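The sequence shown stops at residue 485 when you use my numbering, and every number in between is there.
Heads up, the beta-carbon is just placed ideally off N, CA and C, and yes, glycines get one too.
Bear in mind the structure is a predicted one, so any value in this text is a computation, not a measurement.
First up is the structure itself, then whatever we jot down about it.
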Amino acid sequence: MTINVKSPTRIDLAGGTLDCWPLFPLVAPRCTTVNFSIGICSEVELTPGESSTIEVAVEDLKYQKSFVDLATLLECQDKELSLIRVVCEYFQPHIGFKIRSRSDSPVGAGLGGSSSLTISFLKAFGQWSGCEWSAHQIVEVAHNLEAKLIHAPTGTQDYYPAFQAGLHFIHYTSDGVGLETQEVPREVFNKHLTLVYTGVPHHSGINNWQVIKAVVEGDLNVLSALREINKIAENMQKAVLSSKWGEIPQLFNEEYRFRVQLTPHFSSPRIEELKDVVLSAGADAVKICGAGGGGCVAIWSPAESKIEVERACQASGFQILPLSLEKI
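Structure follows, in C-alpha cells:
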C-alpha cells in the first residue's frame, strides 16, 4: 500500500497575524482572516514497510537517508529531517516505512509552504493509522507541531487552505475558530492577480513574535494597527462575497499601510522596489504575503495591464510564480 497526498499552499488576502493567539482575543470579539488555496503544492508519498527500516527522501532539498529504526531517525539532527522528525515523534509508527516529500513553494515564500507540508505529512500518517481528521482537529495538531519545530508561536490560517482547497473566511473568537469555505473565483483571480517571489526568504515566526510581544507588553500603536487590519479583513470578506472586485486594490493599499505599522520588518527594500516597479507599470496595489520581510507579494492589476506589469517584474529580476488555480 502506498499513500499519496497533495496539499495546496495559499495567498492571504487580509487579516494575517490575527490568527496568532493571544492576539485575536485582545484585538476584537471576532477577528477575521481571508485566504485562498493555490496550486503551488506540497506532496508526500508514504509506503509502510515490513521491517523497522525507514527511508526518507526530501526531493526539493536533495536529501536522502536510511535509518535502521525510528529511534535512530529521532536522534538524527539533520536539518532536512526537522519536520518529519516532529511528525514521527507524534505518531510513533510501530514499523518502518519509505517516505518521499516535495514542496513546490520556494523556502520562506510567505505562502504557507511549511504548513502545507505539515498537513501533507499529517494526512499521510493519519491515513496509515486510521485517523479521520476534521479540519479543526488536524489544524490543532499541525500548529502545535510547527510551534515545537520553530520554537515560536504560530497562527493557524495556513493549515485550513492546505487541508481543504477553497476560498476561506476564518473567524477567531473566544469560543473557538469558525470556518466558511467557498469556491475560489478562478476567473477573476487569474485575470487580476500576479504572484511574485522577491528572491529573499522570510521568517514568519520572527515577525509574528515581534507583534505578539509588542501587544502583550502594551504597545497601543501596534494594537490599534491590528484592529484596523481586522476591519480591513471584514471589508475584504464583504467585497469578495458581493463580487465587488474593484474594492480589492483599496483594501490591499489600506492593509499595506497598517501592516508596516506592526513592525518595519514586514516590508523590505526588495518589497519596496517591487512595489515601485509594478505601480509604475500600471498595477493597482500590492499585498505582502504571509509575515512579509521577503518572500512573495501578490499584485492586483487591471486586466489590460497585467501582462505589462508581469514583464516589468521580470525585467527587474523578480520571479513570477504560477497561481495554478486549475490544480486545486
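key: Cβ neighbour criterion (16 or more within 10 Å) applied to G172   = buried
query = Any heavy atom of the ligand SAH closer than 7 Å to the Cβ of S400?
reply = In terms of ligand content, the structure shown is empty, and the ligand SAH therefore cannot be addressed.
request  = State buried or exposed for E207, treating a residue as buried only when at least 16 other CB atoms are found within 10 Å of its CB.
outcome  = exposed
ask   = So does the region 340–354 actually touch the region 304–317, counting three or more Cβ pairs closer than 8 Å?
value = no
key: Closest Cα partner of M158 within the set A396, I256, Q294 and V296   = I256
inquiry  = With three or more C-beta pairs closer than 8 Å as the rule, is the region 413–423 touching the region 322–331?
reply    = no
query = Do V345 and I456 have their C-beta atoms closer together than 8 Å?
reply = no
key: Reference S260, options A469, S277, H251 and V244, closest by Cα   = S277
ask   = Would DSSP call F254 helix, strand or coil?
value = strand
key: Which listed residue (G253, Q321 and T210) has its alpha carbon closest to that of F193   = Q321
request  = Compute the distance between the beta-carbons of L227 and P250, then report whether it is under 8 Å.
outcome  = yes
query = When the distance is taken between beta carbons, is F254 closer than 8 Å to P179?
reply = no
key: Proximal residues to E515 (C-beta, below 8 Å), its chain only, five neighbours per side dropped   = The structure shown does not extend to residue 515, since the chain is modelled only from 158 to 485, so the question has no answer here.
Local Cβ density within 10 Å of V244, reported as buried at 16 or more and exposed below that = buried
inquiry  = Taking contact to mean 3 or more Cβ pairs, one atom from each stretch, closer than 8 Å, check whether the region 296–303 and the region 478–485 are in contact.
reply    = no
ask   = Anyone know if the C-beta pair for E483 and G196 falls short of 8 Å?
value = yes
request  = Look at E237 and V215 and say whether their C-beta atoms are less than 8 Å apart.
outcome  = yes
request  = Locate the alpha helix (DSSP H) running through D433, then write down its first and last residues.
outcome  = P426 to S437
key: Euclidean distance between Cα positions of H293 and G323   = 16 Å
query = Quick one: Cα of R414 to Cα of F181, how far?
reply = 20 Å
inquiry  = Quick check: the region 392–400 against the region 362–376, are at least 3 beta-carbon pairs closer than 8 Å?
reply    = no
ask   = Under the three-state reduction of DSSP, which class applies to Q476: helix, strand or coil?
value = strand
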